[in-house]
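What follows is one structure encoded as structure tokens, with my remarks underneath.
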Amino acid sequence: MKLIVDSGSTKADWIAIDDNGKVLFTTQTLGLNPEILDGPEIISRLNDRFDILQNKKNATHLFFYGAGCGTDRMKEALKQIFQEYFTNAIVDVQEDTYAAVYATTPKGEEAIVSILGTGSNCSYFDGKVLHQKVQSLGYIVMDDCSGNVFGKELIRKYYFNKMPKELAVELEKEYDVDPDFIKNKLYKEPNPNAYLATFAKFLIKHKDTEFCRKIIFKGMKSFVKNYIKQFDNCKEVPVHFVGSIAFYLKDELQETFDKYELKLGNVLRRPIDGLIAYHVANQ
């Protein structure tokens with residue numbers, strides 16, 4: 180049994196397949212980002228899903244693609260945790276961008292591949308190897324155009340009284356905006372980036388308002404200039420995306436790309452289904 184996992188900071192999608200690609204079970208855990216979680220918390224999140232706990236000795240391979248796995252140190256730390264948990268499995272840990280590449284890019288083709296979800300990143304795939312120009316420093320100082328950055332922007336606008344009154348009232352109906360509640364979420368509980376990203380749903384829901392459009396296009400402009408335009412051939416190859424922000428703001432992405440004369444490629448909410456086909460074809 181092979182386990183294929185696509186993990187962001189908010190959630191992780193799991194699919195178990197046999198050698199023929201038949202799906203044995205699917206499940207979902209909370210995100211397993213090693214940059215913000217320790218080993219016991221990761222194990223707790225695995226044990227919380229019966230399908231994973233029940234089958235941990237049956238797994239022969241674990242292919243894990245995750246946020247926070249962009250450095251060798253984090254990859255090795257997570258690999259060790261998984262190796263001790265899935266005792267009979269060969270464990271392979273890669274950063275989440277590889278999942279995006281395998282799910283969106285036809286074999287052997289060049290593309291720029293980006294993730295816009297809770298966090299964000301962008302890489303160039305030359306058909307064989309992934310190249311990055313920007314090393315992510317995480318959600319506090321980077322992650323342009325991501326859910327957590329949009330969340331921070333909305334909270335700031337609200338507390339600086341820069342949000343239209345009618346939208347502020349709607350925000351208060353949908354979210355607990357008490358300062359103590361927010362500070363507890365940000366500084367006392369795990370996954371503050373995932374908490375911030377929940378506010379992106381509000382932004383998407385009201386994306387046709389002038390206020391929200393300005394925030395959205397400011398974020399997309401920043402992502403294009405700081406990430407995509409790092410690559411000299413960015414106008415020559417398609418730019419593929421995965422992630423909920425890209426998926427639900429596809430029209431806005433297209434509008435931004437038209438302005439910068441970029442080619443918008445495939446846009447997927449989740450790469451997990453494409454990963455099945457990839458691993459069956461390349462087993």
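If you count by the working numbering, then the sequence shown holds residues 180 to 462, one letter each, in order. In this text, a Cβ means the ideal position worked out from N, Cα and C, and glycines have one as well.
Checklist entry - So I424 and C301 are in contact, right, with Cβ under 8 Å, and what is the actual spacing, rounded? => result For the purposes of this step, residue 424 is taken as the residue at position 245 of the sequence shown. For the purposes of this step, residue 301 is taken as the residue at position 122 of the sequence shown. The pair is not a contact, with the Cβ atoms about 13 Å apart (cut-off 8 Å).
Next on the checklist: Whole angstroms are fine: how far does the CA of L441 sit from the CA of I222?
Outcome noted: Position 43 of the sequence shown, counted from the first residue, corresponds to residue 222. Position 262 of the sequence shown, counted from the first residue, corresponds to residue 441. So the two alpha carbons sit approximately 42 Å from each other.
Next on the checklist: What does the alpha-carbon distance come out to for the pair F243 and L225?
Outcome noted: Position 64 of the sequence shown, counting from 1, holds the residue named residue 243. Position 46 of the sequence shown, counting from 1, holds the residue named residue 225. Spanning the two alpha carbons is a distance of roughly 13 Å.
Item to check | Span of the alpha helix (DSSP H) around T189 | outcome: For this step, residue 189 is matched to residue 10 along the sequence shown. Unbroken run through T189: none, as it is neither H nor E.
Item to check | Residues of its chain near V270, where Cβ-Cβ distance is below 6 Å and the 5 sequence neighbours each way are ignored | outcome: Taking the first residue of the sequence shown as position 1, residue 270 is located at position 91. L241, K258, F261, Q262, listed in sequence order.
Next on the checklist: Give me, in chain order, the residues of the same chain whose beta-carbon lies closer than 8 Å to that of L454; leave out the 5 immediate sequence neighbours on both sides.
Outcome noted: The count along the sequence shown starts at 1 and reaches residue 454 at position 275. Counting only Cβ-Cβ distances below 8 Å, and skipping sequence neighbours, we find I183, D185, I194, F242, Y244, A278, Y281, A282.
Checklist entry - Three-state secondary structure (DSSP) at P515? => result Since the displayed the chain opens at 180 and closes at 462, residue 515 lies outside it and no answer follows.
Checklist entry - DSSP on D271, reduced to helix/strand/coil? => result One-based indexing of the sequence shown puts residue 271 at position 92. The answer is strand: DSSP assigns D271 an E or B state.
Item to check | Selection from N405, K397, E368 that minimises the alpha carbon distance to Q314 | outcome: For the purposes of this step, residue 314 is identified with residue 135 of the sequence shown, where counting begins at 1. Nearest option by C-alpha distance: N405.
Item to check | Those runs of the beta strand (DSSP E) which lie wholly inside the stretch 231-264 and span at least 3 residues | outcome: Qualifying beta strand (DSSP E) stretches, in chain order: 240-245.
Next on the checklist: I want to know whether the stretch 346-354 touches the stretch 288-300 - three or more CB-CB distances under 8 Å.
Outcome noted: The answer is no - the stretch 288-300 does not touch the stretch 346-354, with fewer than three Cβ pairs under 8 Å.
Next on the checklist: Am I right that N212 and G247 are in contact with their C-beta atoms under 8 Å? What's the rounded C-beta distance?
Outcome noted: Locating residue 212 in the sequence shown gives position 33, counting from the first residue. Locating residue 247 in the sequence shown gives position 68, counting from the first residue. With 8 Å as the limit, N212 and G247 qualify as a contact, their Cβ atoms being about 4 Å apart.
Next on the checklist: Could you compute how far the alpha carbon of F378 sits from the alpha carbon of L346?
Outcome noted: For the purposes of this step, residue 378 is taken as residue 199 along the sequence shown, with counting starting at 1. For the purposes of this step, residue 346 is taken as residue 167 along the sequence shown, with counting starting at 1. Approximately 13 Å, taken between the alpha carbons.
Next on the checklist: Please give the ranges of any alpha helix (DSSP H) in the stretch 343-425, keeping only runs that are unbroken, at least 4 residues long and fully inside the region.
Outcome noted: 344-353, 358-366, 371-376, 379-384, 389-405
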